[in-house]
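**Student:**
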Amino acid sequence: MATTHIYFEGGARNGTTVVWNLEPGEDVWDDNIFRPPELYRRTPRKRVIGRVEFTVFRYDPTAHGPVPPGGR
133 MATTHIYFEG GARNGTTVVW NLEPGEDVWD DNIFRPPELY RRTPRKRVIG RVEFTVFRYD
193 PTAHGPVPPG GR
């Protein structure tokens, strides 16, 4: 299991965090932790809170579906 730390920016989950355990080689889309999944996009940015580095996911109300790993 690999632990992924996620920080949500914007939308109803603005400022919230989640810690997610993934199997090696899986992506967060595989576990579908987003509700609804199509409204958040992974960004290349990181955010450090305390000593923990979070991957930033940004709310995107114009999105139409999850972007698979590697983009469209």
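In this text, residue positions in the sequence shown follow our numbering: the first is 133, and each later residue adds one. Just so it is clear, CB atoms sit at the ideal spot from N, CA and C, and this is done for glycine as well.
From this set, 193, 134 and 188, which residue's C-alpha is nearest residue 156's C-alpha?
**Tutor:** Residue 134 is the option with its Cα nearest to residue 156.
**Student:** Which residues in the same chain have their Cβ closer than 7 Å to the Cβ of residue 204, if we skip the five residues on either side of it in sequence?
**Tutor:** A caution first: residue 204 carries a pLDDT of 47, below 50, which makes its placement in the model too unreliable to give a value.
**Student:** Based on DSSP bridge pairs, tell me the residues matched to residue 174.
**Tutor:** Answer is 189, bridged to residue 174.
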